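Residue 30 in the working numbering sits at position 29 of the sequence shown; the count goes up by one each step and never skips.
For each residue, glycine too, the CB sits at the ideal point set by N, CA and C.
Since we're looking at a predicted model, the values are computed, not measured.
Report on one structure; see the data block that follows.
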Amino acid sequence: MSSGDYRDEMTDTARALSVALHEAEQKIHTLERELVLARAHDSQPYPTADAYEKVCATLNASKTRNEFLERTLREHLWLNHGHEGLYGDDGEMQCAACIPYSVSDYKRQPVEELLAGLRNLALHRLAVAKPT
Numbered sequence: 002m003s004s005g006d007y008r009d010e011m012t013d014t015a016r017a018l019s020v021a022l023h024e025a026e027q028k029i030h031t032l033e034r035e036l037v038l039a040r041a042h043d044s045q046p047y048p049t050a051d052a053y054e055k056v057c058a059t060l061n062a063s064k065t066r067n068e069f070l071e072r073t074l075r076e077h078l079w080l081n082h083g084h085e086g087l088y089g090d091d092g093e094m095q096c097a098a099c100i101p102y103s104v105s106d107y108k109r110q111p112v113e114e115l116l117a118g119l120r121n122l123a124l125h126r127l128a129v130a131k132p133t
C-alpha cells in the first residue's frame with residue numbers, strides 16, 4: 002500500500018468518524034432537549050396515571066352511591082305517597098291512582114316530575130280536606 006493510499010484511507014476513516022461524531026452529538030443534543038421538556042412536563046400540574054385512577058375510582062364510587070340514593074328515594078316515594086293498589090310486580094313501581102297528577106311510573110319518570118306530581122297530589126288532598 003502506498004503512502005497516498007494510506008492517506009486516502011485515513012482521510013476516509015477520519016471523515017466517517019467525524020460524521021459519526023457529529024451525528025452522535027446531534028443525538029445527544031436531541032436527547033438533552035427531550036429530557037428538559039420531559040422534566041418541564043413532569044413539573045406541570047397534570048394528573049399522573051395514579052392520580053387519574055384514584056379520581057376515576059372516586060367518581061365511580063360516587064356514581065354508585067348516587068344510583069343507590071336515587072333508587073331508595075324512588076322506592077320511598079312510591080311506598081309512602083298514600084295510595085293503595087300499587088303495582089310492583091317484576092320490580093315495577095307504578096300507581097294508577099297517580100295518573101291524574103302526572104305521576105305513574107316511580108321507576109322511570111324523572112325524579113323532578115315525580116316530586117312535582119306529588120306536590121300536585123298533596124295540594125289536591127289539602128283542597129279536598131278544607132271545609133268550605
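inquiry  = For residue 88, list the residues DSSP reports as bridge partners.
reply    = BP columns for residue 88 point to 95.
query = How would you label residue 99, buried or exposed, when you count the other beta carbons within 10 angstroms and need 16 or more for buried?
reply = Residue 99 is buried by the Cβ-count criterion.
message = Rounding to the nearest angstrom, what Cα-Cα distance links residue 121 and residue 60 in this structure?
response = A direct Cα-Cα distance of roughly 35 Å separates residue 121 from residue 60.
Nearest-angstrom Cβ-Cβ length linking residue 94 and residue 107, presumed shorter than 8 Å = The C-beta distance from residue 94 to residue 107 rounds to 4 Å, short enough to meet the 8 Å contact threshold.
query = Would a C-beta distance cut-off of 8 Å place residue 129 and residue 118 closer than the cut-off?
reply = For the pair residue 129 and residue 118, the CB atoms are not nearer than the 8 Å cut-off.
message = Measuring only the C-alpha atoms, how far is residue 18 from residue 46?
response = Here the alpha carbons of residue 46 and residue 18 stand approximately 44 Å from one another.
message = Quick test of your reading: residue 124 and residue 78, contact by CB under 8 Å. State the CB separation rounded to the nearest angstrom.
response = Rounded, the Cβ-Cβ distance is 16 Å, inconsistent with contact.
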